[in-house]
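Participant: The structure is given below, and queries will be raised subsequently.
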DNA sequence: TACTATTGTTACAATATGCAACAATAGTAA
DNA sequence: TTACTATTGTTGCATATTGTAACAATAGTA
């Protein structure tokens, strides 16, 4: 789907998409010790939801997720992680979407593509908060970062999807180089530990963490960082892996 | 979907199912130190595939998987584990299904439900080899156990699906009470270890395994088992958890 | 009663992790 | 220059976990 602006977006050719199949993206960012998630707000409503999309008939499921990530952030080459597929009947509630369509001048016909039941596969991405430029949907007027602990009320089962994404992130924190995507290129050990503590929601032992990270062999020590503060300057580190 | 036999099965009301959405079940059994998987063989072809199915419009994704498991094994109350959703375009190859339909007297019309592209969610189940009574599909003439190391060539991406199921099983072996489902109610420590070794595909340290299992607190020691062999009789154990 | 094969258990080493103390040091203030 | 502060890097020690090997127990056999 091409990135467009303006009215022409209203005439999406829904025939080009698989019916019933959707993806939702939980896009994590990190800034000042807080985990952030990209959330869409639908136009002229108080409806909030995860950025999501549908799967073109000529596109892999993974590609659909990558495309949605690109459309909302202009970021490419971000590793996406499929974490769960949500197929409960409870998630089928077309009312909010009907209202969204009306607010956008779309006729909510009974069999409209947007009003069917969808099974949605959740993907999570870790992106650089500063590099991502959130871009709204054609149905939404904002796509913004929200603190994970100050999210608005979300439509459908999207809060549950975020919960699952977070659980999955926590379980795989040692296998995914979370620092590689969520931190600057160069960082101190404290910054890395703060990130881990934020994700895991608990404090970690300082020296133990230090040792573990050094022993992992994935970090290169670059040089010192003079912070201007009255104490020993921390070293700077960089990941020596691609991901 | 009711379990039926005979011609009336040919007239499935495909309208009752979600288009494009499927589930596939990797049903594991265990017998004589070998992992088994239930595989379907389509009628009058050399086509083999995993038991799978579609999702009724009024049914949860999980329920569809449970239903398929029940239809093929008559087993209920088995815990199913969703492990991955397969959505690659490569899996879209309607040729074999067209042949299957012809062999079954079904007209493979261009837009037939069975010939569309599906995104399929994989579920795995651990079942009691002796209790399961494999039952063929209405399109298949057998549903049988195959040794995991002597599988026939499978259609589509089903070999990849099995691979993923096995990886997931290995990763979660300590969280899923595999012995509870794959072994008899009462078992010796050696039988339990043999099961683990089979699943993990490697030998495990005998005393370390023993200690770990005992320390887990999930086993009750029942009594001794006189095997008739000329050595110390092993204890029998039973899980003290429901799952 | 001795022997065999296998099980249950324990001792010890190697490794990982949690905790606390110590040493190093960039800036600050005298 | 020198003491002081706050934080970092490092190390030692207790604890827990796991791998390895040895030893003790024992059901059946000869």
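Protein chains in written order, with the working numbering: chain F, 1 to 243; chain D, 1 to 243. Virtual Cβ for every residue (Gly too), placed ideally from N, Cα, C.
(1) Could you confirm whether any beta carbon from chain D is found closer than 7 Å to the beta carbon of residue 94 of chain F?
(2) Rounded to whole angstroms, how far is the Cβ of residue 65 of chain D from the Cβ of residue 23 of chain D, which I believe are closer than 8 Å?
(3) Mind the definition here: the stretch 73 to 80 of chain F touches the stretch 102 to 120 of chain F only if three or more C-beta pairs lie below 8 Å; say whether that holds.
(4) Could you tell me the distance, in whole angstroms, from the CA atom of residue 247 of chain D to the CA atom of residue 13 of chain D?
(5) Just list the residues that DSSP pairs residue 154 of chain F with in beta bridges.
(6) Is the shortest distance between the beta-carbon of residue 13 of chain D and the beta-carbons of chain F less than 7 Å?
(7) Quick one: measure Cβ to Cβ for residue 239 of chain F and residue 165 of chain F, integer angstroms, because I've assumed they're closer than 8 Å.
(8) Could you tell me the boundaries of the alpha helix (DSSP H) in which residue 182 of chain F lies?
(9) In chain F, which residues lie less than 8 Å from residue 275 of chain D when you measure between Cβ atoms?
(10) How about residue 125 of chain D and residue 27 of chain D: are their beta carbons less than 7 Å apart?
(11) For residue 81 of chain D, write down the residues that DSSP places opposite it in a beta bridge.
(12) Give the DSSP bridge partners of residue 145 of chain F, in chain order.
(13) Put residue 241 of chain F into one of helix, strand or coil per three-state DSSP.
(14) Where residue 193 of chain D and residue 236 of chain D are concerned, what is the direct C-alpha to C-alpha distance, given to the nearest angstrom?
(15) Assess contact between the stretch 144 to 157 of chain D and the stretch 203 to 219 of chain D, defined as three or more Cβ pairs (one per stretch) separated by less than 8 Å. Is contact present?
(16) Using 8 Å for Cβ pairs, my map puts residue 96 of chain D next to residue 47 of chain D. What's the rounded Cβ distance?
(17) If distances are taken between C-alpha atoms only, which option among D:109, D:79 and D:42 comes closest to residue 128 of chain D?
(18) So residue 224 of chain F is in the beta strand (DSSP E); what residue range does that whole segment cover?
(19) If you draw a straight line from the alpha carbon of residue 2 of chain D to that of residue 189 of chain D, how long is it in whole angstroms?
(20) Is residue 34 of chain F a contact residue of the ligand SAM, with contact defined as CB to any heavy atom under 6 Å?
(21) Looking at residue 55 of chain D and residue 25 of chain D, is the spacing between their C-beta atoms short of 7 Å?
(22) Comparing alpha-carbon positions, which option in D:89, D:180, D:160 and D:60 lies nearest residue 218 of chain D?
(23) What in chain F is Cβ-close to residue 60 of chain D, meaning under 9 Å?
(24) Cβ closer than 7 Å: which chain D residues qualify as neighbours of residue 19 of chain F?
(25) Spell out whether any CB of chain D is found under 7 Å from the CB atom of residue 121 of chain F.
(26) Identify which residue in D:77, D:35 and D:140 has its Cα closest to the Cα of residue 242 of chain D.
(27) Would you mind reading off the limits of the beta strand (DSSP E) that contains residue 22 of chain D?
(28) Straight-line CA distance for residue 211 of chain F to residue 16 of chain D?
(29) Taking only the alpha-carbon atoms, compute the straight-line gap between residue 53 of chain F and residue 102 of chain F and give it to the nearest angstrom.
(30) Can you look up residue 55 of chain D in the DSSP assignment and give me helix, strand or coil?
(31) Is the Cβ-Cβ distance between residue 85 of chain F and residue 85 of chain D less than 7 Å?
(32) Terminal residues of the continuous alpha helix (DSSP H) containing residue 73 of chain D?
(33) Would you mind stating whether residue 195 of chain D and residue 182 of chain D have Cβ atoms separated by less than 7 Å?
(34) Of the choices F:209, F:220 and F:222, whose alpha-carbon is the least far from that of residue 197 of chain F?
(35) Can you pull the chain D residues whose beta carbon is under 8 Å from the beta carbon of residue 117 of chain F, in chain order?
Facilitator: On the basis of the data shown:
(1) For residue 94 of chain F, the nearest beta carbon of chain D is not closer than 7 Å to its own beta carbon.
(2) Taking the Cβ atoms as the reference, residue 65 of chain D lies roughly 5 Å from residue 23 of chain D, within the contact range of under 8 Å.
(3) Segments in contact, no.
(4) Lying outside 1 to 243, the shown extent of chain D, residue 247 of chain D is not represented and no answer is given.
(5) DSSP lists F:48 as the beta-bridge partner residues of residue 154 of chain F.
(6) For residue 13 of chain D, not one C-beta of chain F is nearer than 7 Å to its own C-beta.
(7) No, residue 239 of chain F and residue 165 of chain F are not in contact; Cβ-Cβ is about 22 Å, not under 8 Å.
(8) Per DSSP, residue 182 of chain F belongs to the alpha helix (DSSP H) from 178 to 182.
(9) Residue 275 of chain D cannot be examined here, being either before or after the span of chain D that is shown, 1 to 243.
(10) Result yes, Cβ atoms of residue 125 of chain D and residue 27 of chain D sit closer than 7 Å.
(11) Note: residue 81 of chain D sits in a beta bridge opposite D:124.
(12) Residue pairing by DSSP places residue 145 of chain F opposite F:38 in a beta bridge.
(13) Residue 241 of chain F falls in the coil class under three-state DSSP.
(14) So the two alpha carbons sit approximately 13 Å from each other.
(15) Fewer than three beta-carbon pairs drawn from the stretch 144 to 157 of chain D and the stretch 203 to 219 of chain D are found closer than 8 Å, and the two stretches are therefore not classed as touching.
(16) 5 Å between Cβ atoms; contact.
(17) It is D:79 whose Cα lies nearest to the Cα of residue 128 of chain D.
(18) In the DSSP assignment, residue 224 of chain F falls within the beta strand (DSSP E) that extends over 219 to 224.
(19) Summary for residue 2 of chain D: the model assigns pLDDT 38, below 50, so the residue's position carries little reliability, and this model does not support an answer.
(20) Absence of the ligand SAM is noted for the structure shown, with no ligands found whatsoever.
(21) Not in contact: residue 25 of chain D and residue 55 of chain D (Cβ atoms no closer than 7 Å).
(22) Among D:89, D:180, D:160 and D:60, the Cα nearest to that of residue 218 of chain D is on D:180.
(23) Those within 9 Å of residue 60 of chain D in chain F are 87, 88, 89 and 90.
(24) The answer, in chain order, is 19 and 20.
(25) Residue 121 of chain F counts as touching chain D.
(26) Shortest Cα-Cα distance from residue 242 of chain D to any of D:77, D:35 and D:140 involves D:77.
(27) Where residue 22 of chain D is concerned, the enclosing beta strand (DSSP E) stretches over 17 to 31.
(28) Straight-line Cα distance between these residues: approximately 58 Å.
(29) For residue 53 of chain F and residue 102 of chain F, the distance between alpha carbons rounds to 19 Å.
(30) The answer is strand: DSSP assigns residue 55 of chain D an E or B state.
(31) Result yes, Cβ atoms of residue 85 of chain F and residue 85 of chain D sit closer than 7 Å.
(32) Run containing residue 73 of chain D: 61 to 73, per the alpha helix (DSSP H) assignment.
(33) Yes; because the gap between Cβ atoms is below 7 Å, this pair is in contact.
(34) Considering only alpha carbons, the answer is F:209.
(35) Residue 117 of chain F reaches chain D at 18 and 57, counting residues in chain order whose Cβ is nearer than 8 Å.
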